[in-house]
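Chains as they are written, first to last, in this note's numbering: chain C, 85 to 743; chain Y, 85 to 743.
We put the CB at the ideal spot given by N, CA and C, even for glycine.
Note sheet for the following structure.
Here is the structure:
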């Protein structure tokens, strides 16, 4: 096992902060409490089929039934739901684990323990764990990797097991999943069965399980799945021909959809199902950082650039089409028919986070921040009760959600779906945000995101971060225990001020260095570092290679993309042009607190709303007119994109006309 | 049969010119010769499976095989092609008939006679005629109206029969189709079987057959199909349940797709498959003009307004989505993913023409002209050899035809398809253009379109029209035999000049009246009427209710919509803005002949190319930038939309940015 050893010689450049390392306050803290108080309890009621007005989930019952069947007490037809239904329990458990690390809660821990008992009881003697196959047809195990999601469900459960172990020290689920990993190892490595996961996820999970357990088989299995993917790019076709049955009518020849068109080290364009893609790339980047595999990292970097330089929305959304929930081609970024799934942006954050372990560069964290503050947060209603899976950058009631090409782009968040991927994914992301905000290595603390709260790293460094980010742009680090500090400087703020203990550090000061988007400085105990970023709203222009965005601009402030909703703008944003504000160089300004009350209720208390000059074109019902429409100057209001759709159905637009 | 008699008391306000009435010259004449020399001969070679590099058609062989089977000489499995394959022969025959009226041709007539002999021999004793069912399974006749296209194929063959009879006086096919109509009458009226056509067409064809033969059953059958449509709106669902087999997997519950969601007199929104819709509406308008049915005409008018006031592209294209080749919702008119099928715009011309028989109003002919000079002509390569079925208003190589949402929007015309609906439809339309350009009633000649050539109407009026339209805007009518003349004044030219024998007729002159888009005047033998229309290029603005068109303008001249192609504009039209030309009120000008040679070869000799001021934004590969891109003034070139895609794959855009 030569390769298994090579990784030890190449530790990642940094590791994410442990789950106890960050105790959030402020903006992030509020969101974590929302997940605790609303999302996770509601999801548990869904899993138990006790949530009103929600489609039957049957997740808990599936585990109960599978356990009963294995004990010879139940019938074989007790499964209900999607083939990946088990993963809902896994994501819930993972989120619950993070919450326990943040907010100790005996009741929640007891519930989680009970769920784990059910899961453990549903594991077959040989380590196999999947209620769909256990209840439906044991003989079909491992015969439909393309559609079957067995490896996907195992992967999510491995993540849950690691998180629960980290949060509680309890090893029951960890042992269950180690046994499951051994079963999979045995099938694919010892017995040498062909194939790789239809929906990547287990790769990143196995590496995590390896870190938690030290089990070399986990590492070897992750490496195996990554290495063989796409080597036989016709595997799914052969598998489909061999088995002669389907779960859906997936096309096994669509090799880009499942990212098996090429061996991963030869891939360059981000293609196919966007969530599968970024989960795969996360595993690849994770493996690369552990092995120092330069070829693999080079592939990750090409794929990263393919996404972020040619296939990503300004909101950090990815996946331009509903057809396959997938990437399309370079510069094809329609606003109104976007897919931009919440889960895909969460996966993009995973990928960014793992890229940082290979290469410390602010552009990774910039994208992580962009995805988080815009698409990921937009995925959740402000009250945590409803969710967008799809995050368009423009909606027009009457067209969005109605026209056959726009059925997926809804003007309002629906409730919990039968396919409940996004809400629990958002829950586990938000409740573990410290892992993405902060990182460390033996002598350095990395501040990737500006997240208020207390940070205590395993390298001994401790500090408190005070900020009202993303609405305030001063970030104060009160150092309790010093060391090296690497703070990201966002690309939107090339101008920034840095002070130590009240004394400005001018540009070029030898007290710090600025390298690839991070300022590096030594801090001593009790130092206070103050970073002030640019808080001026700014316009963003798109490449004219994006056909849908020519002649338009978007408004941003800090990491937040803004949008214009009808409710603030006379019911009609389509007739607005912000070209005069942009031409005159007039900077949009925050609406003063005194006037904010005039805005409709339903926005967050702390939200900064922007006001700017605009022009409104005379409206007409006629499709076409030979007369140039008259124009009236007006004042318009923009709100943070993530807050849209919280005040009833209305028009919403991110990219505004400049004409 | 009370209703059958009522129509006689309500003759249409006008009738289309007979097929011998118009001998074209100039622009239309050139197109008719192209159809004669290229399209129709090529199509015949396709029908006979003799065209190189084209999918097998088998149309002629299907008729031969069906005839042989009926004589007991053949096998039952001799069918190949689509279920509506027979209609290809019908459309070819119809176009051939029109060509024979324009260009007597013994060879072509002999070929057509032979085809008719084959068709006649493929008719069953009881009058049934359809090679698919005759060859595949006689017992399935009339059991799948939703998908089966039996009535559709009969309809097209009835049209061919009428045209061939009109052109040659030969009645063989007319008798075949009258017998076929009697068979259908017997099945649906006498025997009382339920159902109505899945693809409307036979309604308008039966009315035409009624006019050619006087057979009251044809009229009654047309009226029956129109009257019962949508009365039992669940008919297709019941039919599907009853038969238990499918040709495609069409959804019988999608009632809007087949326009049976409501009885036709209650319909208001143009919905579903766009070609089916306009064929149905054409039949409805035809029936309304024959019966004076005000309720039916009111429905036609609502549907007309739904299309032309809320669901039509500036090019006269209809059908906003490839999903069902269908209408979507009001103001949803994406340029790059448009369907805008050539056949649908041809059908829109049919509908417009029949609306004129109910109500003389220039807006119907305006739309007919818009559809013809833009979408219909764009459907055909300038050399008549390749065809667009789909007519987008914007293409970007690399996205169009490649992205999963843009697969149907091709940047270049493909060859002849297996489903060969559009090319022969364009052929029959162009070769019968006189029917759309000119109309008559007992004392009046109607000039709906400006079509050069000789006109001799059955009311005795005769004149010669001289014009270089759509590139020249003077139209000279040299009257040989006088009467009343009604000439449409296009909506784009509210200012016009009218002269009789060289003397201007000022506005308000008692010598003519202007009413609903037509000037009416009395003309004497040897009078010369000269109409001069506005030839100035003009910008068109879209309603801001169309999300995809805000901030943009299109350039037109006369009836021609212009577009911008990369090949004339430095390879990149996406970075261009024409806002400065539009803001300064600078009128684009025709490129002088001396400079036209500098344009790439491949445009029509007579085409007027426009030149105008514009600005080019600095390009960038980066998706997004916080810096406003620099702008360089430049001169750009626009070409008529119908000529696009004739000079290799490149960017094309109709709606240009104004910012």
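Item to check | C-beta atoms of residue 348(Y) and residue 372(Y) nearer than 7 Å | outcome: Sequence index remark: in the second chain, residue 348(Y) carries index 264 (1-based). Sequence index remark: in the second chain, residue 372(Y) carries index 288 (1-based). No, they are not a contact pair.
Item to check | Rounded separation between residue 721(C) and residue 554(C) - CA only | outcome: In the first chain, residue 721(C) corresponds to position 637, counting from 1. In the first chain, residue 554(C) corresponds to position 470, counting from 1. Approximately 18 Å, taken between the alpha carbons.
Next on the checklist: Can you check which of these residues, 221(C), 165(C), 656(C), 626(C), is closest to residue 419(C) by C-alpha distance?
Outcome noted: Your numbering for residue 419(C) matches position 335 in the first chain. Ranking 221(C), 165(C), 656(C), 626(C) by Cα distance to residue 419(C) puts 626(C) first.
Next on the checklist: Along the chain, where does the alpha helix (DSSP H) containing residue 676(C) start, and where does it finish?
Outcome noted: Here residue 676(C) is taken as the residue at index 592 of the first chain, counted from 1. Taken as a continuous stretch (DSSP letters only), residue 676(C) belongs to no alpha helix (DSSP H), as it is neither H nor E.
Checklist entry - residue 744(Y) CB to nearest chain C CB: under 7 Å? => result In this structure chain Y extends from 85 to 743, so residue 744(Y) is not present and cannot be described.
Item to check | Three-pair Cβ contact test at 8 Å for the segment 213–223 of chain C versus the segment 268–275 of chain C | outcome: no
Item to check | 4-residue-minimum alpha helix (DSSP H) runs that sit fully inside the segment 635–668 of chain C, ordered along the chain | outcome: 663–667
Checklist entry - Under the rule that 16 or more other beta-carbon atoms within 10 Å means buried, what is residue 414(C), buried or exposed? => result For the purposes of this step, residue 414(C) is identified with residue 330 of the first chain, where counting begins at 1. Per the 10 Å Cβ criterion, buried.
Checklist entry - Just how far apart, CA to CA, sit residue 734(Y) and residue 141(C)? => result As a position in the second chain, residue 734(Y) is number 650, starting the count at 1. As a position in the first chain, residue 141(C) is number 57, starting the count at 1. Taking the straight line joining both Cα atoms gives about 51 Å.
Checklist entry - Could you give the residue range of the alpha helix (DSSP H) that holds residue 446(C)? => result Within the first chain, numbered from 1, the residue matching residue 446(C) stands at position 362. It spans 446–454 - the alpha helix (DSSP H) in which residue 446(C) sits, taken as one unbroken run.
Item to check | Simplified DSSP state of residue 272(Y), which is helix, strand or coil | outcome: Here the question's residue 272(Y) lines up with position 188 in the second chain. Here residue 272(Y) sits in helix by DSSP.
Item to check | Straight-line gap, residue 504(Y) to residue 178(C) (C-alpha atoms, nearest Å) | outcome: Sequence index remark: in the second chain, residue 504(Y) carries index 420 (1-based). Sequence index remark: in the first chain, residue 178(C) carries index 94 (1-based). If you take the alpha carbons of residue 504(Y) and residue 178(C), they lie about 57 Å apart.
Checklist entry - Which residue's Cα is closest to the Cα of residue 242(C): 114(C), 290(C), 335(C)? => result Position 158 of the first chain, counted from the start, is the residue given in the question as residue 242(C). Among 114(C), 290(C), 335(C), the Cα nearest to that of residue 242(C) is on 290(C).
Item to check | Backbone secondary structure at residue 574(C) - three-state DSSP | outcome: Along the first chain, read from residue 1 onward, the residue named residue 574(C) stands at position 490. DSSP places residue 574(C) in coil when its eight states are reduced to three.
Checklist entry - To the nearest angstrom, how far is it from the Cα of residue 86(Y) to the Cα of residue 305(Y)? => result Mapped onto the second chain, residue 86(Y) falls at position 2. Mapped onto the second chain, residue 305(Y) falls at position 221. The pLDDT assigned to residue 86(Y) is 36, lower than 50, so where the model puts this residue is not dependable; a value taken from the coordinates is nonetheless given after this. Those two C-alpha atoms are separated by around 14 Å.
Checklist entry - For chain Y, is any of its Cβ atoms less than 7 Å away from the one on residue 625(C)? => result Reading the first chain from its first residue, position 541 is the one you call residue 625(C). Taking Cβ atoms only, chain Y reaches closer than 7 Å to residue 625(C), which makes this a yes.
Next on the checklist: According to DSSP, simplified to helix, strand and coil, what is residue 373(C)?
Outcome noted: For the purposes of this step, residue 373(C) is taken as residue 289 along the first chain, with counting starting at 1. Note: residue 373(C) maps to helix in three-state DSSP.
Next on the checklist: Determine, for residue 729(Y), whether the minimum Cβ-Cβ distance to residues of chain C falls below 7 Å.
Outcome noted: Taking the second chain and counting its residues from 1, one reaches residue 729(Y) at position 645. No, because no Cβ of chain C sits closer than 7 Å to the Cβ of residue 729(Y).
Checklist entry - If you count every other CB in all the chains shown that lies within 10 Å of the CB of residue 96(C), and 16 or more means buried, which is it? => result Taking the first residue of the first chain as 1, we reach residue 96(C) at position 12. Result: buried.
Item to check | Selected residue, minimal CA-CA separation from residue 715(Y), among 559(Y), 191(Y), 564(Y), 703(Y) | outcome: Residue numbering aside, residue 715(Y) sits at position 631 when the second chain is read from its first letter. For the residues 559(Y), 191(Y), 564(Y), 703(Y), the minimum Cα distance to residue 715(Y) belongs to 703(Y).
Checklist entry - Apart from the five residues just before and just after residue 545(Y), which ones in its own chain have a Cβ nearer than 6 Å to its Cβ? => result Within the second chain, the letter at position 461 stands for residue 545(Y). The residues are 529, 565, 567.
Next on the checklist: Taking DSSP's pairing of strands, which residues face residue 537(Y) in a bridge?
Outcome noted: For the purposes of this step, residue 537(Y) is taken as the residue at position 453 of the second chain. 108(Y), 549(Y).
Checklist entry - Expressed to the nearest angstrom, what Euclidean distance is found between the alpha-carbon atoms of residue 127(Y) and residue 489(Y)? => result Position 43 of the second chain, counting from 1, holds the residue named residue 127(Y). Position 405 of the second chain, counting from 1, holds the residue named residue 489(Y). Approximately 31 Å, taken between the alpha carbons.
Checklist entry - According to DSSP, is residue 726(C) helix, strand or coil? => result Residue mapping note: residue 726(C) aligns to position 642 of the first chain, counting from 1. Residue 726(C) falls in the helix class under three-state DSSP.
Checklist entry - Do you know offhand how far residue 430(Y)'s Cα is from residue 664(C)'s? => result Counted from its first residue, the second chain places residue 430(Y) at position 346. Counted from its first residue, the first chain places residue 664(C) at position 580. Going by the C-alpha atoms only, they are around 43 Å apart.
Checklist entry - Hey, residue 561(Y) and residue 613(Y) are a contact pair by Cβ (cut 8 Å); roughly how many whole angstroms apart? => result Along the second chain, one-based indexing puts residue 561(Y) at 477. Along the second chain, one-based indexing puts residue 613(Y) at 529. Residue 561(Y) to residue 613(Y), Cβ: 4 Å. Contact.
Next on the checklist: Let's test the definition: count the other Cβ atoms within 10 Å of the Cβ of residue 400(C) and tell me whether it reaches 16, buried, or not, exposed.
Outcome noted: Walking along the first chain from the start, residue 400(C) turns up at place 316. Residue 400(C) should be labelled buried.
Next on the checklist: Could you check whether the segment 644–660 of chain Y touches the segment 583–598 of chain Y, counting it as contact only if at least three pairs of C-beta atoms, one from each stretch, sit closer than 8 Å?
Outcome noted: no
Checklist entry - How would you call residue 210(Y), buried or exposed, if buried means at least 16 neighbouring beta carbons within 10 angstroms? => result If you number the second chain from 1, residue 210(Y) lands on position 126. So residue 210(Y) counts as exposed.
Item to check | CB contact below 7 Å: residue 123(Y) versus chain C | outcome: Taking the second chain and counting its residues from 1, the one referred to as residue 123(Y) is at position 39. It does not: the Cβ of residue 123(Y) has no partner Cβ on chain C nearer than 7 Å.
Item to check | Contact set between the segment 380–400 of chain Y and chain C, restricted to residues whose Cβ is under 7 Å from the partner | outcome: 393, 394, 396, 398
Next on the checklist: According to DSSP, simplified to helix, strand and coil, what is residue 713(Y)?
Outcome noted: What you label residue 713(Y) is simply residue 629 of the second chain in a count that begins at 1. Three-state result, residue 713(Y): coil.
Checklist entry - residue 426(C): which of 367(C), 471(C), 533(C), 538(C) sits nearest, CA to CA? => result Within the first chain, numbered from 1, the residue matching residue 426(C) stands at position 342. Ranking 367(C), 471(C), 533(C), 538(C) by Cα distance to residue 426(C) puts 471(C) first.
Checklist entry - What does a CB cutoff of less than 6 Å around residue 286(Y) pick up in its chain, not counting 5 residues either side in sequence? => result Along the second chain, one-based indexing puts residue 286(Y) at 202. Hits under 6 Å: 235, 238, 239.
Item to check | Chain-ordered chain Y contacts of residue 703(C) [CB-CB under 9 Å] | outcome: To locate residue 703(C), count along the first chain from 1; it is residue 619. Simply 627, 628, 629.
Checklist entry - Which ranges does the alpha helix (DSSP H) cover as unbroken runs of at least 4 residues, wholly within the segment 244–312 of chain C, from first to last along the chain? => result 256–269, 286–297, 300–312
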